[in-house]
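To keep things clear, I will list the structure first and then write my remarks on it.
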Amino acid sequence: AQSVTQLGSHVSVSEGALVLLRCNYSSSVPPYLFWYVQYPNQGLQLLLKYTTGATLVKGINGFEAEFKKSETSFHLTKPSAHMSDAAEYFCAVSDTSGTYKYIFGTGTRLKVLA
Amino acid sequence: ETGVTQTPRHLVMGMTNKKSLKCEQHLGHNAMYWYKQSAKKPLELMFVYNFKEQTENNSVPSRFSPECPNSSHLFLHLHTLQPEDSALYLCASSQDQGAGNIQYFGAGTRLSVL
Chain B
1 AQSVTQLGSH VSVSEGALVL LRCNYSSSVP PYLFWYVQYP NQGLQLLLKY TTGATLVKGI
61 NGFEAEFKKS ETSFHLTKPS AHMSDAAEYF CAVSDTSGTY KYIFGTGTRL KVLA
Chain U
1001 ETGVTQTPRH LVMGMTNKKS LKCEQHLGHN AMYWYKQSAK KPLELMFVYN FKEQTENNSV
1061 PSRFSPECPN SSHLFLHLHT LQPEDSALYL CASSQDQGAG NIQYFGAGTR LSVL
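From first to last, the protein sequence lines stand for chains B and U. Numbering of the first sequence is given in the working numbering, commencing with residue 1 and proceeding in unit increments. Numbering of the second sequence is given in the working numbering, commencing with residue 1001 and proceeding in unit increments.
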């Protein structure tokens, strides 16, 4: 069965510092991978997704993620944090054929310090 | 604005009440989902509808009753809920149930059961 692990339920960075949010998955075959962001009092918004092709995926708001099959990871990064990046971030996986289910991680709350 | 609207945004109800949550999507999608989001837990998929037909009931208690009258509208009828049902209920939609489809989320209904 697939599973998603997000290391660190809370991450704090200074404004302008590198953001690194970790996501590891467990799957018998490489799945499709997603990062979503949830701002306070809002639903989830897609940041980026990986299906096939280039393993470095660029998303909105300056975020990017790299699929590393050997490490079963899909970590999210942003070179320079902005105050507006403070939110909760969710990694999700889905099968690559036939099914529709997303398996979500437990989320990482990002705090950006002035 | 994601194109998925949920009402009400907040709901407080007693354990003997009956209430309904509404979700409407303006994206022309064919699949709609209900999720439950509780603190410190991954998003839990509750129900899935595809072309108005229920395709998934993830062992949800019968006190939650979904209804999908057309591809644009989804309801969650609630009755005799328990305090542990207090959570954020999120609606999502996608083009169809194919793997890798992006799910678009509403802002959610924050439910408190007293």
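Cβ coordinates follow ideal geometry from the N, Cα and C atoms, glycine included.
Sub-9 Å separation of residue i and residue j beta-carbons
| i | j | result |
| --- | --- | --- |
| Y25/B | N1101/U | no |
| Q1006/U | G43/B | yes |
| V4/B | A92/B | yes |
| N1030/U | M1046/U | no |
| L18/B | G8/B | no |
| D1063/U | L1074/U | For clarity, residue 1063/U is Arg in the given sequence; the question names Asp instead. Not in contact: R1063/U and L1074/U (Cβ atoms no closer than 9 Å). |
| C1036/U | L1088/U | Inspection of the sequence shows that residue 1036/U is occupied by Lys rather than by Cys. Contact flag set, yes. |
| A81/B | C23/B | no |
| P30/B | T96/B | yes |
| V1004/U | Y1104/U | yes |
| A1092/U | Y1033/U | yes |
Rounded separation between residue i and residue j - CA only
| i | j | result |
| --- | --- | --- |
| M83/B | S14/B | 9 Å |
| K1022/U | P40/B | 21 Å |
| T55/B | P1083/U | 44 Å |
| D1085/U | F34/B | 27 Å |
| A1039/U | G16/B | 29 Å |
| T72/B | L1043/U | 21 Å |
| L1090/U | Q6/B | 21 Å |
| K1018/U | G53/B | 49 Å |
| S1094/U | M1015/U | 33 Å |
Whole-number beta carbon distance between residue j and residue i, since they are thought to touch under 8 Å
| i | j | result |
| --- | --- | --- |
| Y50/B | F67/B | 5 Å |
| Y89/B | L110/B | 6 Å |
| K1052/U | S1071/U | 6 Å |
Strand pairing of residue i, partner residues [DSSP]
| i | result |
| --- | --- |
| A65/B | V57/B and L76/B |
| K49/B | F34/B |
| H1029/U | Paired residue(s): none; H1029/U is not in a bridge. |
Residue i beta carbon near the ligand ATP (any heavy atom closer than 8 Å)
| i | result |
| --- | --- |
| C1023/U | No copy of the ligand ATP appears in this structure; indeed no ligand is present at all. |
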